[in-house]
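For what it's worth, our numbering labels the leading residue of the sequence shown as 1, then goes sequentially.
All residues carry an ideal CB built from backbone N, CA and C; glycine is no exception.
Being a predicted model, the structure only gives us computed values, none of them experimental.
Here's the structure we're looking at; comments come further down.
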Amino acid sequence: METKRVACPKCNTVLEVANNKNEPVKRFACPKCSTRLMVKFNPPLLDKVRVQCPGCGSVLRVHNRADKPYRQFECPACQKPLRVSFIVPAKG
Ligand SMILES: [Zn+2]
Ligand SMILES: [Zn+2]
């Protein structure tokens, strides 16, 4: 679980925010002044995804070799440029 320290922009209280649900963005209210705050966390990344090429229908397995949230590549069958996301979708 990732924890980040943020300072409330209104009252300057330093808050420790735990990403207990593993969300890419966590919204909460400052406990002191009730200002609505938002903290961005790095989402967990998948190491491979399966995608279907919209051009030719080929099912491709794409590996996240560079540990990046997105990867652009060309379909090996029809050369259509594709973009895949390795970000784990938020649940709920
Ligand atoms: Zn505050
Ligand atoms: Zn294709």
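Subject >> Cβ contact check for the region 30 to 44 and the region 7 to 16: 3 or more pairs under 8 Å >> reply: Three or more Cβ pairs drawn from the region 30 to 44 and the region 7 to 16 lie within less than 8 Å of each other, which places the two stretches in contact.
Original post:
Say the cut is 7 Å; is the CB of K10 nearer than that to a heavy atom of ligand 1?
Top reply: Counting from one through the sequence shown, the residue named residue 10 turns up at place 10. The answer is yes for K10.
Subject >> Start and end residues, beta strand (DSSP E) containing K101 >> reply: For residue 101 there is no data in the structure shown, the boundaries of the chain being 1 and 92.
**OP:** Could you say which of L46, V14, K40 and D47 lies nearest to P31 if we only look at CA atoms?
**Re:** Locating residue 31 in the sequence shown gives position 31, where the first residue counts as 1. Nearest C-alpha to P31: V14.
**OP:** Rounded to whole angstroms, what's the CA-CA distance from K26 to N64? Just pull it up for me.
**Re:** Here the question's residue 26 lines up with position 26 in the sequence shown. Here the question's residue 64 lines up with position 64 in the sequence shown. Distance between the alpha carbons of K26 and N64 is about 25 Å.
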